[in-house]
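Under this note's numbering, the first residue of the sequence shown carries the number 265, and numbering increases by one thereafter.
Quick reminder that beta carbons are idealized off the backbone N, C-alpha and C, glycines included.
These figures come from a predicted structure and were not determined experimentally.
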Amino acid sequence: MNDKTARFRALHEGPGAFILPNPWDVGTARILAGSGFPALATTSAGMAFSRGVRDGGATRADVLAHCALIVGATPLPVSADLENGFGDSPEAVAETIRAAAAIGLAGGSIEDHTGRADAPIYDPFLALERIHAAVEARRGLPGDFVLTARAENFLWGRADLDDTIRRLQSFEAAGADVLYAPGLPDLDAVRTVCSSVSRPVNVVIGIGGVRFTRDELAAAGVRRISIGSSLARLAYGSVARAAQTMQREGRFDFTGDVMGFAEIGAFFPPAEERD
265 MNDKTARFRA LHEGPGAFIL PNPWDVGTAR ILAGSGFPAL ATTSAGMAFS
315 RGVRDGGATR ADVLAHCALI VGATPLPVSA DLENGFGDSP EAVAETIRAA
365 AAIGLAGGSI EDHTGRADAP IYDPFLALER IHAAVEARRG LPGDFVLTAR
415 AENFLWGRAD LDDTIRRLQS FEAAGADVLY APGLPDLDAV RTVCSSVSRP
465 VNVVIGIGGV RFTRDELAAA GVRRISIGSS LARLAYGSVA RAAQTMQREG
515 RFDFTGDVMG FAEIGAFFPP AEERD
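In structure tokens form, the structure reads like this:
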């Protein structure tokens, strides 16, 4: 585990930006590992889709059981989407960090989204106390753990870059290792965030209509690029559209794009190598 976390932490030291893709089951974890990525991250939405439910509402036990499958699927370091820490209190966040490290995760993120539509973002003081608790829990671990702190304003109708930066700066001062504001609208906002903090910044691809390349993000100062639920939505969306076309039109055009058995199978171990 120490080796995995050391490798994961080293990825954030640059230069440039690395891509951290998000599998949602063992099969996609092995495909992404076999494609040459250096680390993986979980996706709460992808996990929900794989269970046939909407995103949100999973328990800590459910999420950690899912994360354990991803951790065990490949030799790569795995960082987890730990949502809001599965509780409002700093104590709940600390317990989540300890439990996440115990299953072999190399890192994880804590967000300032409450999960409540009427008040979606935690008060700045409580948000900061929650990150303080996560940092203290990390310091008490027997090994390392890369803690990402998320400021969720732009995902919940609060397009306030100044407040987002203040939150990220407070999380940095508290000891977070990586800073993350999903939903930034353009490269100017990304540059502003990166120049306002000194810790590595994560940017997610696939939220909103903006499209960035790895080189553009690296030039803006980004160190880590995650994909969130985008690959899961691509896969499930492709199935949904193919199903609709079959049912409505009786057409099977999608078969022209399917990957062959041998090509897919090459990502997975032979039966004799499985536990």
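Going by DSSP in three states, D352 sits in which element: helix, strand or coil? coil
Could you pull the DSSP bridge partners for E375 from this structure? R414
Y500 - DSSP class collapsed to helix/strand/coil: helix
Should the segment 374-381 be called in touch with the segment 338-353, which here means at least 3 C-beta pairs below 8 Å? yes
If you count every other CB in all the chains shown that lies within 10 Å of the CB of N266, and 16 or more means buried, which is it? exposed
On the DSSP letters alone, give me the boundaries of the alpha helix (DSSP H) that L390 sits inside. 388-403
Sub-8 Å separation of Y444 and F313 beta-carbons: no
Among all the DSSP beta bridges, which residues are the ones paired with L443? A413, V465
Meets three-Cβ-pair contact criterion under 8 Å: the segment 416-435 and the segment 383-398: yes
Under 8 Å by Cβ, that's how I've got S494 and G470 pegged, so tell me the actual separation to the nearest angstrom. 3 Å
How big is the Cα-Cα spacing for L333 and V461? 34 Å
Based on DSSP bridge pairs, tell me the residues matched to F282. R488
Alpha carbon to alpha carbon, how far is R271 from T509? 45 Å
Pairwise C-alpha distance: T338 and E527: 18 Å
Limits of the unbroken alpha helix (DSSP H) element including A437: 425-438
If I follow the unbroken beta strand (DSSP E) through S493, where does it start and stop? Segment: none, S493 is in no beta strand (DSSP E) and carries neither H nor E.
Buried or exposed: E555, going by 16 or more other Cβ atoms within 10 Å of its Cβ? Absent from the model: residue 555. The displayed extent of the chain is 265 to 539, so no value can be given.
Endpoints, beta strand (DSSP E) assigned at A344: 342-345
Does the beta-carbon distance from A401 to R362 come in below 8 Å? yes
According to DSSP, which residues form a beta bridge with A383? In DSSP, A383 forms no bridge with anything.
How far does the alpha helix (DSSP H) with M311 in it reach, from first residue to last? 308-314
Could you name the residues that DSSP lists as bridge partners for L304? V342
With distance defined between alpha-carbon atoms, name the residue in H276, T307, G278, E277 nearest to D289. T307
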